[in-house]
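Per this note's numbering: the sequence shown = residues 1405 to 1583.
All C-beta atoms, glycine included, are put in the ideal place defined by N, C-alpha and C.
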Amino acid sequence: MTPIEFIKGDATNPNDNGTKIIVHICNDVGGWGKGFVMAISKRWKQPEAEYRNWYKNKELEQSDTVEFERIEGRDKYSNEKKFELGNVQFVKASDDIWVANMIAQRDIKPDKDGLPPIRYSFVSECLERVRQFAKRQNATVHMPRIGCGLAGGQWTEIEEIINDNLIAHEIETTVYDFE
């Protein structure tokens, strides 16, 4: 089992050959305008446009540039194409890069009890979908320290979820600390 690789650099410019998935956390209220999404939007227009379209329509079908991943055995009565916590929209940003818009943040600020927006159980569910997609695409996974900025999460919690859902299943994963 290869551990998470930590490097200094830009997660929107992954250092790898082959197919790559850039993973980031989105909120469930359609907001896109702060944090890592700004770096994504600066590099590609499609991930933001598709996320906003998904939010607006509340459900989308797959296309040549957008895919969704079903969790086998668990999604029998749910719809992975709905805009809701735990679902992931995979957007083709270039020939060898997919951006995973993971909905794992409830709202954009702490709730009335002070609970941060991050929802760890949905991070886990999203990364399970990323794992399945990565296996189908024979892809590596790349990300900043997801869930620890605007979402208010703790890296130790996120790292454990990454280890359980990606590393334990032999998905090569790189975390980028921006220089």
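**Message:** Here's the rule I'm using: 16 or more other beta-carbon atoms within 10 Å means buried, otherwise exposed. How should Met-1506 be labelled?
**Reply:** buried
**Message:** Just list the residues that DSSP pairs Ala-1504 with in beta bridges.
**Reply:** Val-1427 and Phe-1494
**Asked** Looking at the structure shown, is Glu-1471 part of a helix, part of a strand, or coil, going by DSSP?
**Response** Glu-1471 falls in the strand class under three-state DSSP.
**For Tyr-1580 and Ser-1498, the rounded distance between their alpha carbons** = Here the alpha carbons of Tyr-1580 and Ser-1498 stand approximately 20 Å from one another.
**Cβ shell of Ala-1555 (< 7 Å), same chain only, five flanking positions each side left out** = Ile-1429, Gln-1509, Pro-1520, Pro-1521 and Ile-1522
**Contacting residues, own chain, Cβ-Cβ under 6 Å from Pro-1548 (five flanking each side not counted)** = Ala-1415, Phe-1440 and Tyr-1580
**Item:** Buried or exposed (CB count within 10 angstroms, at least 16 for buried), Leu-1538
**Value:** The identity of residue 1538 in the sequence shown is Ala, whereas the question assumes Leu. Classification of Ala-1538: buried, given that the 10 Å Cβ count is 16 or more.
**Asked** Taking Cβ to Cβ, would you say Ile-1475 is nearer than 7 Å to Glu-1564?
**Response** no
**Request:** Put Gln-1558 into one of helix, strand or coil per three-state DSSP.
**Result:** coil
**Request:** Could you name the residues of the same chain whose beta carbon sits closer than 7 Å to that of Arg-1535, not counting the 5 residues immediately before and after it, in chain order?
**Result:** Here the set comprises Asn-1569, Leu-1570, His-1573 and Ile-1575.
**Item:** Three-way DSSP call (helix, strand, coil) for Phe-1526 in this model
**Value:** helix
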